[in-house]
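Engineer: In this text, residue positions in the sequence shown follow my numbering: the first is 1, and each later residue adds one. First the structure, which I've put down as C-alpha cells, then a few questions once you've had a look.
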Amino acid sequence: MADYPSTSEEFEEWFSSEAACQEYLYRIRWPRGFVCVRCGGDQAWATNRGLYRCSVCDTQTSVTAGTIFQGTRKGLGSWFRAIWNVTTRPDGVSALEIQRLLGLGSYRTAWTWMHKLRRAMVPPNLDPLAGTVVVDQAYLNGDKPQATDLLSDRRPLIFVAAQEIRGRVGRIVLRRTVDRSAGGLQSAIRQAVALDAIVHTDDSPAYQGLRLYGYRHKPVQFELSGVRMGPLPIVARVIGELRDWLAATPHGAVRPSHLDYYLDEFSFRFNNKRLRSPGKLFHKLLRQAVASDPVPGGQIAGGGD
C-alpha cells in the first residue's frame, strides 16, 4: 500500500475524520515510534486530551507541537485539505480560494496559512547544489542587472543557482537579492552551492575569489564590451518559467515584500515536477511541514496574495 493517497477520492477516504489525520501525522512525525521532545524517550501513553505523556520524564506533547501546525485552532483535516489543494493544482491556489474551500472565517487566516506552507516548502537544511551549477542574477522581466545601475535600480533582483545536467536544468535555488554587493553575492553562492561544485558565471569581477573557497570557477567570456547582455541561458530559462508561472497563478500581482514566499513555492514545484503522483507531493510537503519550526502569524509580513 502506498504511503499517500493517489486521487481526490482516496484522499477523502483516508482522511474522513480528525482521528485519521492525527494517526497519519503521527506516522509521519514518528515513523519508528514516539520520541520525546525533551529526553528522547521512546515510550509514552496517550492522555484523554489527545496528548502523549513520556514514560521517562513525564513531559506531555502533542503530535503537532514544534511543527507549523502548533497552536492552530482548526483541525488537521482543514490543513490536510489546504495542502492537498496546494500540491495537486499545477498553478497553485490563492488564499481566497483556500478561504472558500475550507470555510475559514477570515481571509487573513487563509493568507497566513498559505505563507506558512510556502515557508515549509524550502526546508532550512536543504542540501546545497552539487555538480555543475550555473549562477546569475536577473530581474523578473528577464533583464540582467548592469554594474552601472545595480545599486540604483530598486526593482526586485533574483539570485538564481541552477544545476546543469547534460543540458537540462536540475534542482534550483532562488533568493531575492538583498545585499547587492560582491560580498553579498558570494555569500549567497556559498549558502546555495556545494564547495566542490563547478560554478559557471558571467565574467563579472563580483565573482572573483570563488576559487579561494574551493569552487572550480569557470566564468563565461562574453567578449562584447558595451553590449547589454541577458542572463546566462540556463538562468534565463528558469526566470522565464518563473515569470510564466506568476502570470498563470491565481495570486494576482505579487508585492516585492511577498516575493520570497512565491520564490519558495515556485522552487518547490520546479524541483519536484518529476513526481508523477500528486499524492507524492502532498506527502512530501506534509513531511516538510512537520519538520518546520512553528511560525507565529505575527512574524509573517502582512498583506494579501
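Idealized CB from N, CA, C, for every residue including glycine.
With DSSP as the reference, label residue 101 as helix, strand or coil.
Structural biologist: If DSSP states are grouped into helix, strand and coil, residue 101 belongs with the helices.
Engineer: Would you kindly report the start and end of the unbroken beta strand (DSSP E) that includes residue 159?
Structural biologist: Its beta strand (DSSP E) spans residues 157 to 165.
Engineer: Determine the burial state of residue 285: buried for a count of at least 16 other Cβ atoms within 10 Å of its Cβ, exposed for fewer.
Structural biologist: The residue in question, residue 285, is buried, as its Cβ has 16 or more Cβ neighbours within 10 Å.
Engineer: Tell whether a beta-carbon distance below 8 Å holds between residue 254 and residue 246.
Structural biologist: Closer than 8 Å, so yes.
Engineer: Please return the same chain residues whose Cβ sits closer than 6 Å to the Cβ of residue 14, not counting the five positions on each side in sequence.
Structural biologist: Excluding positions up to five away in sequence, the list reads 5.
Engineer: For residue 32 and residue 156, I'd like the C-alpha separation in whole angstroms.
Structural biologist: Rounded to the nearest angstrom, the two C-alpha atoms are 44 Å apart.
Engineer: Compute the distance between the beta-carbons of residue 38 and residue 54, then report whether it is under 8 Å.
Structural biologist: For residue 38 and residue 54, yes; Cβs fall inside 8 Å.
Engineer: Would you identify the three-state DSSP class for residue 137, choosing helix, strand or coil?
Structural biologist: It is a strand residue.
Engineer: Would the stretch 114 to 125 and the stretch 259 to 274 be scored as touching if the rule is three or more Cβ pairs under 8 Å?
Structural biologist: Flag = yes, the stretch 114 to 125 and the stretch 259 to 274 touch.
Engineer: Output the residue ranges of the beta strand (DSSP E) runs that lie fully inside the stretch 198 to 277 and measure 3 residues or longer, sorted by chain position.
Structural biologist: Here the runs fully enclosed are 198 to 201, 216 to 219.
Engineer: What does the alpha-carbon distance come out to for the pair residue 90 and residue 195?
Structural biologist: Distance between the alpha carbons of residue 90 and residue 195 is about 34 Å.
Engineer: Can you list, in chain order, the residues of its chain whose CB lies under 7 Å from that of residue 234, leaving out five sequence neighbours each side?
Structural biologist: 134, 162, 164, 169.
Engineer: Please list the terminal residues of the continuous beta strand (DSSP E) segment that includes residue 170.
Structural biologist: Segment 168 to 176, the beta strand (DSSP E) holding residue 170.
Engineer: At what residues does the beta strand (DSSP E) containing residue 44 begin and finish?
Structural biologist: Unbroken beta strand (DSSP E) run through residue 44: 44 to 46.
Engineer: At the level of alpha carbons, what is the spacing between residue 107 and residue 101?
Structural biologist: Taking the straight line joining both Cα atoms gives about 12 Å.
Engineer: Tell me, to the nearest whole angstrom, how far the beta carbon of residue 130 is from that of residue 110; I am working on the premise that it is less than 8 Å.
Structural biologist: Going by Cβ atoms, the distance from residue 130 to residue 110 rounds to 37 Å, so no, they are not a contact pair.
Engineer: Suppose you measure from the CA of residue 267 to the CA of residue 185; what does that come to, to the nearest Å?
Structural biologist: Whole-angstrom Cα-Cα distance: 19 Å.
Engineer: In whole angstroms, give me the CA-to-CA distance for residue 144 and residue 202.
Structural biologist: So the alpha carbons of these two residues sit roughly 11 Å apart.
Engineer: State yes or no: is the C-beta of residue 40 within less than 8 Å of the C-beta of residue 294?
Structural biologist: Contact flag unset, no.
Engineer: What residue range does the alpha helix (DSSP H) around residue 27 cover?
Structural biologist: Here the alpha helix (DSSP H) through residue 27 covers 18 to 29.
Engineer: Shortest alpha-carbon distance to residue 20 belongs to which of 105, 166, 287, 76?
Structural biologist: Of the candidates 105, 166, 287, 76, the one whose C-alpha sits nearest the C-alpha of residue 20 is 76.
Engineer: Going by CA-CA distance only, name the one from 174, 112, 128, 230 that's closest to residue 198.
Structural biologist: Looking at the Cα atoms, 128 is the closest of the given residues.
Engineer: Determine the DSSP secondary structure at residue 295, reduced to helix, strand or coil.
Structural biologist: In the structure shown, residue 295 sits in coil (DSSP, three-state: anything other than H, G, I, E or B).
Engineer: Alpha carbon to alpha carbon, how far is residue 205 from residue 226? Give it in angstroms, no decimals.
Structural biologist: In this prediction, residue 226 scores a pLDDT of 48, lower than 50, which makes its location untrustworthy; the coordinate-derived value is nonetheless stated afterwards. One C-alpha to the other measures close to 15 Å.
Engineer: Secondary structure at residue 129, three-state DSSP: helix, strand or coil?
Structural biologist: Strand at residue 129.
Engineer: Figure out for me which residue from 249, 87, 208 has the closest Cα to the Cα of residue 7.
Structural biologist: Checking every option, the nearest Cα to that of residue 7 belongs to 87.
Engineer: CA-CA distance, residue 272 and residue 78?
Structural biologist: Cα-Cα distance, rounded: 24 Å.
Engineer: Classify residue 50 as helix, strand or coil using the three-state DSSP reduction.
Structural biologist: Residue 50: coil per DSSP, three-state reduction.
Engineer: Tell me the DSSP secondary structure of residue 60 in three-state form.
Structural biologist: Strand at residue 60.
Engineer: One question on the structure: do residue 84 and residue 11 come within less than 8 Å of each other, judged by their Cβ atoms?
Structural biologist: Contact flag set, yes.
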